[in-house]
Amino acid sequence: MRKREEKNSSTDAETKLVVRGNSSVRAEWLSRVTSTWQSLAPNIPCANPRELMQQIETAMSLYPPAETIAERLLLRCILLECFIQVTARIARIPGSDDVRSRSRRLWTGGQQRLDDPTESFQSAMRLLLRYADDVTDKPLHERARRWLDANWNSRTPLRRMAADLGADERTLTRHFRAAVGVTLKEYQRQLQLARGVQLLRETNIKVEAIALLIGCQSKTTFYRMLRKTTGQRPADIRRSSNQC
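Residue numbers (this note's numbering): 1 to 244.
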């Protein structure tokens with residue numbers, strides 16, 4: 001009986017020690033965090049990307065924020081393990097190198113070791129899982145459209161896009177034109193022109209520099225694109241912008 005009392009007393013003392021000080025971990029917090037992530041872990045390899053993001057955000061709302069240095073370090077380790085597992089899953093998708101690199105920068109960029117890692121973790125997860133959702137659920141032409149929206153100034157869009165999307169170049173070209181009504185090159189020119197017009201209206205950058213920024217080989221090419229599409233010259237667009 002006496003030994004049991006001593007054991008209980010020792011356990012109580014350890015529990016109190018756990019919840020005391022900036023380098024300690026609250027016992028209740030630790031229990032809720034570990035149980036939450038243990039229940040989520042089996043879903044990571046197989047869940048739908050959109051559903052997995054919802055599960056992650058729900059999981060992170062089920063326990064109170066980390067308060068002490070020890071809690072933040074422990075949470076960082078748990079979230080890092082989840083990040084590694086999701087990244088390994090995304091790595092199976094052809095052409096995912098860039099998005100994985102950007103997600104790593106979100107996870108580590110500007111984050112000190114003793115900071116709460118929750119916000120950077122969620123940003124990195126959203127990027128990875130949105131990409132996975134696009135690849136698995138969206139039609140090929142829609143994924144190609146999104147790729148061009150993000151890489152409108154690429155000089156070799158078809159080759160890079162086909163590699164990133166894991167598609168054959170001819171199949172990609174055919175599907176895009178059938179669904180969107182214009183070729184990939186024409187769609188890219190629309191995006192380049194829209195960006196060029198925006199720069200003319202909102203900046204004082206020289207026309208030659210704008211032409212290079214949007215991917216045109218020369219100022220003459222940019223002039224032709226403007227005249228053909230808008231019927232205006234760069235000077236006309238800038239003049240009309242200044243008058244507004």
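Every residue, glycine too, gets a C-beta built ideally from N, C-alpha and C.
Where does residue i sit, in a helix, a strand or coil, going by DSSP?
i, result
"residue 63", "coil"
"residue 124", "helix"
"residue 182", "coil"
"residue 232", "coil"
"residue 33", "helix"
"residue 21", "With a pLDDT of 49 at residue 21, under the threshold of 50, the modelled position of this residue cannot be trusted; read the value that follows with caution. Coil."
"residue 107", "helix"
"residue 96", "coil"
"residue 78", "helix"
"residue 154", "coil"
"residue 85", "helix"
"residue 215", "coil"
"residue 163", "helix"
"residue 41", "helix"
"residue 118", "helix"
"residue 149", "helix"
"residue 242", "helix"
"residue 139", "coil"
"residue 237", "helix"
"residue 58", "helix"
"residue 70", "helix"
"residue 26", "coil"
"residue 133", "helix"
"residue 8", "A caution first: residue 8 carries a pLDDT of 49, below 50, which makes its placement in the model too unreliable to give a value."
"residue 91", "coil"
"residue 203", "coil"
Mind checking whether residue i and residue j have CB atoms under 7 Å apart?
i, j, result
"residue 125", "residue 147", "no"
"residue 215", "residue 198", "no"
"residue 27", "residue 40", "no"
"residue 34", "residue 63", "no"
"residue 219", "residue 209", "no"
"residue 129", "residue 65", "no"
"residue 234", "residue 188", "no"
Determine the closest residue to residue i out of the options, with distance taken between C-alpha atoms.
i, options, result
"residue 132", "119, 183, 93 and 141", "93"
"residue 168", "32, 181, 35 and 144", "144"
"residue 75", "203, 117, 219 and 218", "117"
"residue 115", "54, 173, 29 and 73", "73"
"residue 166", "135, 190 and 188", "135"
"residue 149", "211, 207 and 186", "186"
"residue 67", "156, 51, 229 and 23", "23"
"residue 178", "87, 142, 153 and 89", "142"
"residue 77", "50, 101, 30 and 42", "30"
"residue 82", "42, 184 and 242", "42"
"residue 238", "108, 201, 61 and 107", "201"
"residue 69", "182, 226 and 25", "25"
"residue 153", "240, 213 and 181", "213"
Should residue i go down as buried or exposed, given a rule of 16 or more other Cβ atoms within 10 Å for buried?
i, result
"residue 71", "buried"
"residue 97", "exposed"
"residue 56", "buried"
"residue 196", "buried"
"residue 84", "exposed"
"residue 89", "buried"
"residue 139", "exposed"
What whole-angstrom Cβ distance do residue i and residue j have, given they're in contact under 8 Å?
i, j, result
"residue 121", "residue 52", "With 8 Å as the limit, residue 121 and residue 52 do not qualify as a contact, their Cβ atoms being about 13 Å apart."
"residue 127", "residue 103", "5 Å"
"residue 173", "residue 184", "6 Å"
"residue 44", "residue 86", "6 Å"
"residue 226", "residue 232", "6 Å"
Could one say the Cβ of residue i lies closer than 7 Å to chain C's Cβ atoms, at least one of them?
i, result
"residue 197", "Among the chains of the structure shown, chain C does not appear; only one protein chain is present."
Quick one: is the Cβ of residue i within less than 6 Å of any heavy atom of the ligand COA?
i, result
"residue 53", "By its list of ligands, the structure shown contains no ligand whatsoever, and the ligand COA lies outside what it can speak to."
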